[in-house]
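Visitor: Using my numbering, read the sequence shown as starting at 47 and increasing by one per residue.
For each residue, glycine too, the CB sits at the ideal point set by N, CA and C.
This structure is a prediction, so every number in the text was calculated from the model and none was measured.
Provided herewith is a single structure, encoded as structure tokens, for subsequent inquiry.
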Amino acid sequence: MAIFGIDASYQTHDASSIVKVLAHAINLSKYPVEAISLETSYGTRPPNNIQLEDMFWNKLPSVPEVSIKMQKRMSEADPDEPSTRDSKVIIISSEGNHLTMADQSFRLDYNGYPDPVFSRSNYGAFYDFIRGKQFQKVTLNDMDAHHDFIGAGLNLHPETLVTLEICGLSLTKSFNESGWLGTALIFLGHLKSMSTLQSLTLSEIVDDDHGDIQEDEVTWNGQEEIQMGLDVLIRKVKIWYI
């Protein structure tokens, strides 16, 4: 068993080469790897030069857990300044069927441009990999997002998703070129369209302009219970837009 960590500090500008060397060493040694961890900071953004073909762990006999921890420095102009405790975390479980994301942002600005947290400029090929991957379980904690983030931002694949947990979500209105991006009804509509979902957990789901969508934690099991629970929430939020 081995756990490899890559500390992509400001001195490291070529994370892709580091990953290639690590892949070569693991392939030669045939040493089993249980987890791979990449830690980095905003401003340096080394994950963005890692390419899809660099992700050697997906070809290993036993796919390890992969985690990315990104910290924001107090001053990006001074790389020697200590990082804050504000960490953005993405974890892809061993065998790649469970995605966990914490403290990520999918907000758009008034010009329709994405917030630079979960974006290709920060995560590079990881961004495309996550958006293209069909996960069976997704856990989202402490997220900031626009109402259409499940589709336009995260690009979840409802045809394979079995379990979805969203605990701590702040939804804000956002603009695109044609006007409003959406309402809470779009968010709930995405959840209703997930016909293979067998377990849905929601808590602390808030619309910044109107209030709580679902405050207390609830877990609905089976499509019938999920659809009934979502229908109650839809009736609640419809009143906001009359």
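Identify the continuous beta strand (DSSP E) that holds H192 and give its terminal residues.
Guide: 183–192
Visitor: Count Cβ pairs between the stretch 175–195 and the stretch 207–215 that sit closer than 8 Å; are there 3 or more?
Guide: yes
Visitor: Under 8 Å: does the beta carbon of T146 sit that close to some heavy atom of the ligand GTP?
Guide: Looking for the ligand GTP in the displayed structure turns up nothing, as the structure carries no ligands at all.
Visitor: Considering only the alpha carbon of each residue, which of L74, A191, K105, Y287 lies closest to I251?
Guide: A191
Visitor: Taking the alpha-carbon of I176 as reference, which of H203, F102, H193, S151 has the nearest alpha-carbon?
Guide: H203
Visitor: Secondary structure at G275, three-state DSSP: helix, strand or coil?
Guide: Reduced to three states, the DSSP call for G275 is helix.
Visitor: Which term fits Q180, buried or exposed, when burial requires 16 or more other beta carbons within 10 angstroms of its beta carbon?
Guide: exposed
Visitor: Check for me: the alpha helix (DSSP H) holding V67 runs from which residue to which?
Guide: For V67, the uninterrupted alpha helix (DSSP H) segment begins and ends at 61–75.
Visitor: If you drop the 5 nearest sequence neighbours on each side, which residues of the same chain put their C-beta closer than 6 Å to that of T247?
Guide: Shown here for T247: same chain residues with a beta carbon closer than 6 Å to its own, the five before and five after excluded, namely E211, T265 in chain order.
Visitor: Grouping DSSP H, G and I as helix and E and B as strand, with all else coil, what is V135?
Guide: strand
Visitor: Do the CB positions of R153 and T229 come within less than 9 Å of each other?
Guide: No. Outside cutoff.
Visitor: Put G257 into one of helix, strand or coil per three-state DSSP.
Guide: strand
Visitor: Across which residues does DSSP place M116 in a beta bridge pair?
Guide: T86, K134
Visitor: Ends of the beta strand (DSSP E) at S167?
Guide: Per DSSP, S167 belongs to no beta strand (DSSP E); it is in the alpha helix (DSSP H), 166–169.
Visitor: Quick check on V109: does DSSP put it in helix, strand or coil?
Guide: coil
Visitor: Whose C-beta lies closer than 6 Å to the C-beta of G142 among residues of the same chain, with five residues either side of it excluded?
Guide: V109
Visitor: Classify S239 as helix, strand or coil using the three-state DSSP reduction.
Guide: coil
Visitor: Would a C-beta distance cut-off of 9 Å place I232 and F172 closer than the cut-off?
Guide: no
Visitor: Which class does N95 belong to by DSSP, given the choice of helix, strand or coil?
Guide: helix
Visitor: State buried or exposed for Y287, treating a residue as buried only when at least 16 other CB atoms are found within 10 Å of its CB.
Guide: exposed
Visitor: Could you tell me which of M240, S151, H70, V112 sits nearest to A81, measuring between CA atoms?
Guide: V112
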